[in-house]
């Protein structure tokens, strides 16, 4: 402990957590000093978003249900035009990572403040990380203008989320925590949150899948997602997130499921260079091989474990390897093409990590 040295800067997000807190959205919008907010959602959540909008009364500027996975640049531009035409002075992101991502894209260009109401376990609402896809390339960055000012976590909003979608979304949150444990800017505070996030998610998910209507399990899973997102907000992304962004942007693979498939393999790749992270994850998951434990957890939840099951074409493997090996991101182990080919080969075929 004498050699301990770190920097930790908590970001200014107000979090309101608990069943039923959606009813507090109008008051939270008022507290932000907003009078005309645009509600953003995916097309599939339009009806629910309209219900949220109705509760806002005169504070509502409109509803735009145009959020799409991986935030295509044209969808972001359209949402920006809608916000400007409506005279919006703020945004309400209602939904999962796609809705939050769209709100971030608009906020990045306009500076409009965001109030987020997540309905999945992605954790994106807690981070200043934005992403946008154009011409098959997904760009990401960090900008505090895209950080939500307020997040309302209402576990009851996740009750209708199908078990498979719930589990994959939560594995996405677990990935945030796993990479935070071996990030170069990790700290004792973040490491404690990351270990707790993985432990809580691993314990809650089997019950969420088995009994989707169990509010206590849903609450624990959402708590884990909050922790995972908070970890990502404070640390640098590594190889796992880089691979997910390459595959998602170029092949349009489903975001959460791609995280689910790749996470055990990225962890196995980095494990030799991250012994402290391995010990923390072993405590959280049990046993001494957390990469294998995550892979087995995915299987027990009925989630996909191979990229080919997601529709990935192996003809793109060389391009993915080359782009990942080009670097430009922090990682505990040097990123080399030979190791990447083993990692992606196992992920493509659904073999156990490190096979």
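Numbering (the working numbering), first residue to last: 94 to 448.
Idealized CB from N, CA, C, for every residue including glycine.
Count Cβ pairs between the segment 324 to 341 and the segment 246 to 260 that sit closer than 8 Å; are there 3 or more?
no
Among the residues of its own chain, which have a CB less than 8 Å from the CB of residue 392, if the five just before and after it don't count?
398
Got a sec? Which residues, its chain only, sit under 6 Å from residue 263 by beta carbon, not counting five neighbours each side?
214, 294, 298, 314
Closer than 6 Å to a non-hydrogen atom of the ligand COA - does that hold for the CB of residue 114?
Absent from the structure shown: the ligand COA. Ligands present: none.
Assess, as a yes-or-no matter, whether the segment 402 to 409 is touched by the segment 418 to 425 under the definition of 3 or more beta carbon pairs within less than 8 Å.
no
Within 10 Å of its beta-carbon, does residue 94 have 16 or more other beta-carbons around it, so buried, or fewer, so exposed?
With a pLDDT of only 47 at residue 94, under 50, the local geometry of the prediction cannot be trusted, and the value read off the model is given with reservation. Classification for residue 94: exposed.
Below 8 Å, can you find three or more Cβ-Cβ pairs linking the segment 201 to 218 to the segment 229 to 245?
yes
Going by Cα to Cα distance, which pick from 132, 374, 414 is closest to residue 181?
132
Can you check which of these residues, 104, 435, 402, 252, is closest to residue 360 by C-alpha distance?
435
Check the C-beta distance from residue 388 over to residue 446 and give it rounded, since I have them as a contact under 8 Å.
5 Å
Hey, residue 212 and residue 250: beta-carbon distance below 7 Å or not?
yes
Helix, strand or coil for residue 233, going by three-state DSSP, please let me know.
strand
Assign residue 275 to one of three DSSP states: helix, strand, or coil.
coil
Find the nearest neighbour of residue 288 within the set 302, 193, 268, 277, judged by alpha-carbon distance.
268
Of all the options 225, 270, 106, which has the alpha carbon lying nearest to the alpha carbon of residue 328?
270
Does the beta-carbon of residue 230 have 16 or more other beta-carbons within 10 angstroms, so that it is buried, or is it exposed?
exposed
Is residue 100 buried or exposed, if buried means 16 or more other CB atoms sit within 10 Å of its CB?
exposed
Beta-carbon spacing of residue 380, residue 386 below 7 Å:
yes
So, for residue 412: in the same chain, excluding its five sequence neighbours on each side, which residues have a beta-carbon less than 8 Å away from its beta-carbon?
343
Residue 440 vs residue 374 beta-carbon contact at 7 Å:
no
What is the residue span of the beta strand (DSSP E) that residue 225 lies within?
222 to 227
Every unbroken beta strand (DSSP E) inside the segment 137 to 174 [3 residues or more]
153 to 157
Taking the beta strand (DSSP E) that residue 133 belongs to, which residues open and close that run?
130 to 133
To the nearest whole angstrom, what separates the beta carbons of residue 166 and residue 226, a pair I think is in contact under 8 Å?
7 Å
Can you check which of these residues, 151, 377, 169, 365, is closest to residue 432 by C-alpha distance?
365
Continuous beta strand (DSSP E) stretch holding residue 243: start and end:
243 to 246
How close, in whole Å, do the beta carbons of residue 108 and residue 121 come, if the pair is a contact with beta carbons under 8 Å?
Actually they do not touch by this definition, with Cβ atoms about 11 Å apart.
Give the secondary structure of residue 423 by DSSP, where H, G and I count as helix, E and B as strand, and everything else as coil.
coil
Any chance you could list the alpha helix (DSSP H) runs of at least 4 consecutive residues sitting entirely within the segment 276 to 310, in chain order?
281 to 303
For the candidate residues 191, 244, 112, whose alpha-carbon lies nearest to that of residue 310?
112
From residue 160 to residue 292, what does the alpha carbon distance come to, in whole angstroms?
31 Å
Helix, strand or coil: which one does DSSP assign to residue 335?
helix
With a threshold of 16 other CB atoms inside 10 Å of the CB of residue 148, please say whether the residue is buried or exposed.
exposed
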